[in-house]
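Undergrad:
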Amino acid sequence: MYYIKKICPTCGREFVVLKNVEEKAVYCTLKCFSEAQSKLKEYEISSLLPA
43 MYYIKKICPT CGREFVVLKN VEEKAVYCTL KCFSEAQSKL KEYEISSLLP A
C-alpha cells in the first residue's frame, strides 16, 4: 500500500491517505467536510438573492 500526504482546504492541516483514494479524500475530518458544505450552501443561497 502506498500513502500520500494532502492538505485540507478547510483547516490547512496535513493528513495521510491511501494513494488509491487520493482524489476522493479531500478533507481531513468530517467536521471540515461539514464546514465546507455549509459554506457552499450559504454561497448558493446568497447568489440566488437579488442584490
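In my numbering, each number is its position in the sequence shown, counted from 1, plus 42. For glycine and all other residues, C-beta sits at the position ideal for the given N, C-alpha and C. Only a predicted model underlies this, so the values are computations on that prediction, with no experimental measurement involved.
With a Cβ-Cβ cutoff of 8 Å, do S63 and Y45 count as a contact?
TA: Walking along the sequence shown from the start, residue 63 turns up at place 21. Walking along the sequence shown from the start, residue 45 turns up at place 3. The question names Ser, but residue 63 is Val in the sequence shown. Result no, Cβ atoms of V63 and Y45 do not sit closer than 8 Å.
Undergrad: Can you name, in chain order, every residue of its own chain whose Cβ lies under 6 Å from the Cβ of E56, other than the five neighbours on each side?
TA: To locate residue 56, count along the sequence shown from 1; it is residue 14. These residues qualify, in order along the chain: K47 and I49.
Undergrad: Given F75, which residues of its chain have a CB within under 6 Å of its CB, disregarding the five upstream and five downstream residues?
TA: As a first step, residue 75 is located in the sequence shown; it is residue number 33 there, counting from the start. These residues qualify, in order along the chain: Y69.
Undergrad: Could you compute how far the alpha carbon of A67 sits from the alpha carbon of K83?
TA: Position 25 of the sequence shown, counted from the first residue, corresponds to residue 67. Position 41 of the sequence shown, counted from the first residue, corresponds to residue 83. If I take the Cα positions, the gap works out to 20 Å.
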